[in-house]
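Peer 1: Residue numbers (the working numbering): 1 to 338. C-beta atoms are modelled at their ideal positions from N, C-alpha and C, and glycine is treated no differently. Bear in mind the structure is a predicted one, so any value in this text is a computation, not a measurement.
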């Protein structure tokens with residue numbers, strides 16, 4: 001595969017990029033702190049400007065890039081392949097320096113199990129180890145599907161050939177339906193790990209995990225990592241899961257077996273889709289998850305290390321609450337997905 005050199009203007013930094021890789025992922029594989037979030041063309045955080053050389057977009061209609069961006073020769077790192085050597089304009093940031101270098105590997109689907117009526121866990125066995133921190137995600141490329149899908153791992157971080165992901169089957173969702181219909185033994189390509197919302201081992205605060213939908217996966221991974229960590233052995237962990245209806249509630253059975261959870265762990269389900277006349281399941285709260293978080297923790301949120309993942313509206317509402325509660329943003333960890 002031809003290799004190209006990408007040089008970042010105004011700096012001494014450069015990196016190699018093979019013709020079958022994207023500019024963003026090639027940079028991250030070599031430790032370059034290239035800004036990004038979703039990694040699949042939606043958020044626009046990986047924009048850069050081409051100053052010299054030729055590149056092509058894997059997805060010219062990606063929503064993360066506007067017509068004005070295109071007029072200014074801007075491209076998305078996660079959707080761009082170099083056609084030769086490039087010089088680019090990019091503002092790097094140390095916060096995006098990869099905690100582990102992402103790798104691409106073949107993997108086989110070896111198991112699946114239902115967690116709810118529309119949420120399942122899938123296990124992949126990789127041809128080579130993938131190193132990840134609890135809370136990170138990987139890109140899964142399935143045969144016949146245009147573009148990879150970003151799925152968070154639910155197992156504890158480490159250096160492993162086994163990756164578990166939890167995915168909700170979305171009506172008319174091309175990627176999720178393909179995964180749910182994938183026969184055991186099928187091969188995929190996995191590329192990871194990615195993401196900045198990983199477990200901070202050195203945080204001197206109690207932990208709050210907030211999940212909704214398939215945002216369960218990274219929060220379960222964070223919890224598993226926290227209870228496996230000697231550095232966090234004195235921390236309390238609060239786990240709040242937002243569901244629309246009682247049949248959507250899940251996660252508690254994955255947490256209670258963790259060593260120490262009965263002493264330091266707390267699980268709370270929140271259901272938004274029942275009206276005042278309908279009975280709640282025992283122990284559940286009624287309302288939206290951000291309202292429950294405010295009710296449960298209030299001003300003490302500023303004293304916690306907070307991780308969250310879930311539907312965009314949930315994430316936006318929760319982030320607004322945390323800003324209103326004056327939680328320092330370096331204590332708040334989430335990855336943008338759309």
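1) If you count every other CB in all the chains shown that lies within 10 Å of the CB of residue 300, and 16 or more means buried, which is it?
2) Apart from the five residues on each side of it in sequence, which residues of its chain come closer than 6 Å, Cβ to Cβ, to residue 333?
3) Since residue 159 sits in a beta bridge, which residues does DSSP pair it with?
4) Could you spell out the range, first to last residue, of the alpha helix (DSSP H) harbouring residue 219?
5) Buried or exposed: residue 168, going by 16 or more other Cβ atoms within 10 Å of its Cβ?
6) Give every residue of the same chain whose Cβ lies closer than 8 Å to the Cβ of residue 200, excluding the five residues on either side of it in the sequence, and list them in chain order.
7) Can you grab the Cα-Cα spacing for the pair residue 8 / residue 280, in whole Å?
8) Taking the straight line between their C-alpha atoms, what separation do you get for residue 260 and residue 227?
9) Take residue 175 and list the residues in its own chain whose beta-carbon comes closer than 7 Å to its own, dropping the five residues that flank it on each side.
10) When you compare the region 113-120 with the region 72-92, are there three or more beta-carbon pairs, one atom per stretch, that lie closer than 8 Å?
11) Measuring alpha carbon to alpha carbon, tell me which of 265, 246, 323, 140 ends up nearest residue 255.
12) How is residue 245 classed by DSSP in three states: helix, strand or coil?
13) Using only CA atoms, which one of 235, 275, 288, 245 lies nearest to residue 263?
14) Please report how far the alpha carbon of residue 138 lies from the alpha carbon of residue 13, in whole angstroms.
15) Tell me where the beta strand (DSSP E) around residue 189 begins and ends.
16) Look at the alpha carbon of residue 128 and the alpha carbon of residue 238, and state the distance between them as a whole number of angstroms.
17) Residue 143 bridges to which residues according to DSSP?
18) In the DSSP assignment, find the unbroken beta strand (DSSP E) run with residue 152 in it and report its ends.
19) Over the uninterrupted beta strand (DSSP E) stretch that includes residue 265, give me the two end residues.
20) State the Cα-Cα distance for the pair residue 268 and residue 291, rounded to the nearest angstrom.
Peer 2: Let me lay it out:
1) Along the chain shown, read from residue 1 onward, the residue named residue 300 stands at position 300. Exposed, by the Cβ-count rule.
2) Translated into the one-based positions of the chain shown, residue 333 becomes position 333. Around residue 333: 197, 307.
3) As a position in the chain shown, residue 159 is number 159, starting the count at 1. 131.
4) Translated into the one-based positions of the chain shown, residue 219 becomes position 219. Run containing residue 219: 216-228, per the alpha helix (DSSP H) assignment.
5) If you number the chain shown from 1, residue 168 lands on position 168. Buried: at least 16 other Cβ atoms inside 10 Å.
6) Within the chain shown, numbered from 1, the residue matching residue 200 stands at position 200. Counting only Cβ-Cβ distances below 8 Å, and skipping sequence neighbours, we find 305, 333.
7) In the chain shown, residue 8 corresponds to position 8, counting from 1. In the chain shown, residue 280 corresponds to position 280, counting from 1. Roughly 56 Å separates the two Cα atoms.
8) Here residue 260 refers to the residue found at position 260 of the chain shown. Here residue 227 refers to the residue found at position 227 of the chain shown. Answer to the nearest angstrom: the Cα atoms are 7 Å apart.
9) Locating residue 175 in the chain shown gives position 175, counting from the first residue. Result list for residue 175: 145, 149, in chain order.
10) no
11) Position 255 of the chain shown, counted from the first residue, corresponds to residue 255. Looking at the Cα atoms, 265 is the closest of the given residues.
12) Translated into the one-based positions of the chain shown, residue 245 becomes position 245. Of the three classes helix, strand and coil, the one that applies to residue 245 here is coil, per DSSP.
13) By 1-based counting over the chain shown, the position of residue 263 is 263. Cα-wise, what sits closest to residue 263 is 235.
14) Locating residue 138 in the chain shown gives position 138, counting from the first residue. Locating residue 13 in the chain shown gives position 13, counting from the first residue. If I take the Cα positions, the gap works out to 26 Å.
15) In the chain shown, counting from the first residue as 1, residue 189 sits at position 189. Taken as a continuous stretch (DSSP letters only), the beta strand (DSSP E) holding residue 189 covers 187-194.
16) As a first step, residue 128 is located in the chain shown; it is residue number 128 there, counting from the start. As a first step, residue 238 is located in the chain shown; it is residue number 238 there, counting from the start. The alpha-carbon atoms of residue 128 and residue 238 are separated by roughly 34 Å.
17) For the purposes of this step, residue 143 is taken as residue 143 along the chain shown, with counting starting at 1. In the DSSP output, where bridge partners are listed per residue, residue 143 has none listed.
18) Translated into the one-based positions of the chain shown, residue 152 becomes position 152. Element bounds for residue 152: 149-152.
19) For the purposes of this step, residue 265 is taken as residue 265 along the chain shown, with counting starting at 1. Unbroken beta strand (DSSP E) run through residue 265: 265-271.
20) Against the chain shown, residue 268 aligns to sequence position 268. Against the chain shown, residue 291 aligns to sequence position 291. Going from the Cα of residue 268 to the Cα of residue 291 covers about 13 Å.
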